[in-house]
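Undergrad: Sending over a structure as C-alpha cells; questions will come in a sec.
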Amino acid sequence: MREFFIYLVILVGSTYLVRALPFALMRKKIKNRFIRSFLYYIPYTVLAAMTFPAAVLATGNMLAASLGLIAGGVLALQGKGLTLVAFVCCALSLMTDLIMITLN
Amino acid sequence: MSEFTRGFRAGIPIGIGYLSVSFTFGIMAVSYGFSWWQAVIISMLTLTSAGQLAGISVMVHPGQYLEMLFSQLTINIRYSFMSVSLSQKVAASFSGMKRWLLGFFMTDEIFAVASAEKTVDAKFFFGLSVAPYFGWALGTLGGSVLGNILPEVLMNSLCLAIYGMFLAIIAPKARTSRAVLCVTVVAILLHVMFVYLPILNRVSSGIAVSVCAIVAALIGAWLFPHDEEENEA
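So the sequence lines, in the order shown, correspond to chains A and B.
When we follow the working numbering, the leftmost residue of the first sequence carries the number 15, and every step to the right adds one.
When we follow the working numbering, the leftmost residue of the second sequence carries the number 35, and every step to the right adds one.
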C-alpha cells in the first residue's frame, strides 16, 4: 500500500508539473526549429507506440481485436469522433469473439 | 450566456467521450489487481489516458520509481507543448494562480477545443474542464465497480476502447501529413521490435514505449522539420 502511494505521488506530481509549469511560466514562444518539430511529433509517436502491438494483444483474441481495430481505424481515417471509433472497435471485436466462441 | 456556461456546454461532448473511455481504464485497473478506489484516485488526480494506462502497468511491478518518472515525462511531454501553445493566446486576466490551478486540466481534447477560441478566458477554460473531469472520474468508478460483474468476453472487448481513442487522435493527422504517418510507422515498428526480439524484449514496457517514441520523434524532427505556425497537437 505504501508502494502505491509512492507511485501515485510520482505519477500525479510529474503529470501536473509537465502541464502547469510551462503554462504558468511560459511567456515566449520556443524558437528552435528542431525542438519545435520534436515536440510536434511526440504526441503521435507516443500514442502509436502505446497502441501497437499492445492493442492487438489486449483482448486475448488477436483476430477479433484486429478486426475491431481495422474497422475503428477506417472510421478514424475519415475523421470520426473518439467515442464512435472506440465503440466500433469494441463492438466488432465482441461480435467476432462471440461468433468464434459459438462456432467452437 | 456567461463564459463559464459557454465553456461548460462545449465540454459536454468531451465528457461523454471520457465517460466511455475511462470506463475501460477502470476495468483495466481492476484486472491489473487495483481496487476501485485506487483507480478512481488515479483518475481524479491525474486526468490522462495514455499516462494512466502506462502508470498502472509500471505500478504492478515493485520499486520501478525511476521508470515511472521517465515514462510519465515522455508520455506527458506533449502537454508541455500544448501548455506553451495555449499560453500564447490566453486573456490578460488569465494569469498567475489561475494558470497554476487550471493547467491541471490540460488534456488533448480540452486543449483542442480551447485552441479554437480567439482568446481563452479563464472562466471559459474552467467551464470547459468540468464535464470532462467528472466524466473521467465517474467512468473510472463505473468500470472498476461493474468490471467484476460484466461477462469476461465483454470486458476483454472493452479493453479496446482506450486504443480506439488513440487511433481517433492519430489517424486523421497521419492521413493528411506524410511526416506524421512516417513517424508513427517508425514508432510502431520500433515497439514491435522491443516486444518480439530477444534481449530487447527484456526491456520493461514503460521504458520501451518512451524510447520508441523519442527516437521516432527525433527522426521526424531531423528529416521533416515542422515549420508552420500551428495550434493543434
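Glycine included, every Cβ here is placed at the ideal spot set by N, Cα and C.
Is V60 of chain A close to chain B? Criterion is C-beta to C-beta, closer than 7 Å.
TA: As a first step, residue 60 of chain A must be located in the first sequence, where it is residue number 46. So, interface residue.
Undergrad: Counting only beta-carbon separations shorter than 7 Å, does E266 of chain B have a partner in chain A?
TA: Sequence index remark: in the second sequence, residue 266 of chain B carries index 232 (1-based). Model confidence at E266 of chain B stands at a pLDDT of 44, short of 50, so the residue's coordinates are unreliable and nothing is read from them.
Undergrad: Taking all protein chains shown into account, do 16 or more other C-beta atoms lie within 10 angstroms of the C-beta of D261 of chain B, making it buried, or fewer, making it exposed?
TA: Translated into the one-based positions of the second sequence, residue 261 of chain B becomes position 227. Counting Cβ neighbours within 10 Å, D261 of chain B comes out exposed, since fewer than 16 surround it.
Undergrad: For the alpha helix (DSSP H) holding M35 of chain B, just list the boundary residues, first then last.
TA: Walking along the second sequence from the start, residue 35 of chain B turns up at place 1. Counting along the chain, M35 of chain B falls outside any alpha helix (DSSP H), and DSSP gives it neither H nor E.
Undergrad: Kindly indicate which three-state DSSP category V237 of chain B falls into: helix, strand or coil?
TA: As a position in the second sequence, residue 237 of chain B is number 203, starting the count at 1. Secondary structure of V237 of chain B (DSSP, three-state): coil.
Undergrad: Identify every residue that forms a DSSP beta bridge with V5 of chain B.
TA: Shown here, chain B extends from 35 to 267; a query on residue 5 of chain B therefore has no answer.
Undergrad: List the residues that DSSP assigns as beta-bridge partners of V154 of chain B.
TA: Counting from 1 along the second sequence, the entry for residue 154 of chain B is found at position 120. DSSP lists B:V124 as partners of V154 of chain B.
Undergrad: For P67 of chain A versus V226 of chain B, is the C-beta spacing smaller than 7 Å?
TA: On the first sequence, residue 67 of chain A is found 53 positions in, with the first residue counted as 1. On the second sequence, residue 226 of chain B is found 192 positions in, with the first residue counted as 1. It is a contact, given that the beta carbons lie within the stated cut-off.
Undergrad: Which same chain residues, not among the five before or five after F258 of chain B, have their C-beta less than 6 Å away from its C-beta?
TA: For the purposes of this step, residue 258 of chain B is taken as the residue at position 224 of the second sequence. Around F258 of chain B: A213.
Undergrad: Ignoring anything shorter than 4 residues or poking outside the segment 79-139 of chain B, list the alpha helix (DSSP H) runs there in chain order.
TA: 84-93, 99-121 and 131-136
Undergrad: For a contact meaning CB atoms closer than 8 Å, what does S80 of chain A contact in chain B?
TA: On the first sequence, residue 80 of chain A is found 66 positions in, with the first residue counted as 1. By Cβ distance, chain B contributes nothing, its closest Cβ being about 10 Å from S80 of chain A, past 8 Å.
Undergrad: For the alpha helix (DSSP H) that L22 of chain A lies in, which residues bound it at each end?
TA: On the first sequence, position 8 is the one that residue 22 of chain A refers to. Its alpha helix (DSSP H) spans residues R16 to L39.
Undergrad: When you compare the CB of M189 of chain B with every CB in chain A, is at least one pair closer than 7 Å?
TA: In the second sequence, residue 189 of chain B corresponds to position 155, counting from 1. Chain A, which has no Cβ nearer than 7 Å to the Cβ of M189 of chain B, makes this no.
Undergrad: For a test of the three-state rule: what should DSSP assign to Y21 of chain B, helix, strand or coil?
TA: Because chain B spans 35 through 267 in this model, residue 21 of chain B falls outside it and cannot be assessed.
Undergrad: Can the beta-carbon of V64 of chain B be found less than 7 Å from the beta-carbon of D111 of chain A?
TA: Within the second sequence, numbered from 1, the residue matching residue 64 of chain B stands at position 30. Within the first sequence, numbered from 1, the residue matching residue 111 of chain A stands at position 97. Not a contact, by the Cβ cut-off of 7 Å.
Undergrad: Under three-state DSSP, which class holds N75 of chain A?
TA: On the first sequence, residue 75 of chain A is found 61 positions in, with the first residue counted as 1. DSSP places N75 of chain A in coil when its eight states are reduced to three.
Undergrad: Which same chain residues end up closer than 7 Å to T174 of chain B when comparing Cβ atoms and leaving out the 5 residues on each side of it in sequence?
TA: Along the second sequence, one-based indexing puts residue 174 of chain B at 140. Hits under 7 Å: S56, F59, G60, A73, V74 and S77.
Undergrad: Is the separation between the beta-carbon of T116 of chain A and that of S191 of chain B shorter than 7 Å?
TA: Counting from 1 along the first sequence, the entry for residue 116 of chain A is found at position 102. Counting from 1 along the second sequence, the entry for residue 191 of chain B is found at position 157. Taking 7 Å as the Cβ cut-off, T116 of chain A and S191 of chain B do not qualify as a contacting pair.
Undergrad: Which residues in chain A sit within 9 Å of W170 of chain B, going by Cβ to Cβ distance?
TA: Position 136 of the second sequence, counting from 1, holds the residue named residue 170 of chain B. Result: empty, since nearest Cβ-Cβ is about 13 Å, beyond 9 Å.
Undergrad: Using a C-beta to C-beta distance shorter than 7 Å, which residues of chain B count as neighbours of K45 of chain A?
TA: Here residue 45 of chain A corresponds to residue number 31 of the first sequence, with the count starting at 1. Per Cβ cutoff of 7 Å: no residues; K45 of chain A is ~12 Å from chain B at best.
Undergrad: Residues of chain D with CB under 7 Å from W134 of chain B, in chain order?
TA: Absent from the structure: chain D. Protein chains present are A and B.
Undergrad: Pull up the distance between the alpha-carbon of H95 of chain B and that of G161 of chain B, whole angstroms please.
TA: In the second sequence, the residue the question calls residue 95 of chain B occupies position 61. In the second sequence, the residue the question calls residue 161 of chain B occupies position 127. Those two C-alpha atoms are separated by around 38 Å.
Undergrad: Please check if any C-beta of chain B sits within less than 7 Å of the C-beta of M15 of chain A.
TA: Taking the first residue of the first sequence as 1, we reach residue 15 of chain A at position 1. By this cut-off, M15 of chain A is not an interface position.
Undergrad: Excluding the five sequence neighbours on either side, which residues of its own chain have a C-beta within less than 7 Å of the C-beta of L81 of chain A, listed in chain order?
TA: Start at 1 with the first residue of the first sequence, and residue 81 of chain A comes out as number 67. Cβ within range, chain order: L106, S107 and T110.
Undergrad: Would you mind telling me which residues of chain A sit closer than 7 Å to Y113 of chain B, beta carbon to beta carbon, in chain order?
TA: Here residue 113 of chain B refers to the residue found at position 79 when the second sequence is read from its first residue. The answer, in chain order, is V32 and R33.
Undergrad: When you compare the CB of A63 of chain A with every CB in chain B, is at least one pair closer than 7 Å?
TA: Taking the first residue of the first sequence as 1, we reach residue 63 of chain A at position 49. Output row for A63 of chain A: interface = yes.
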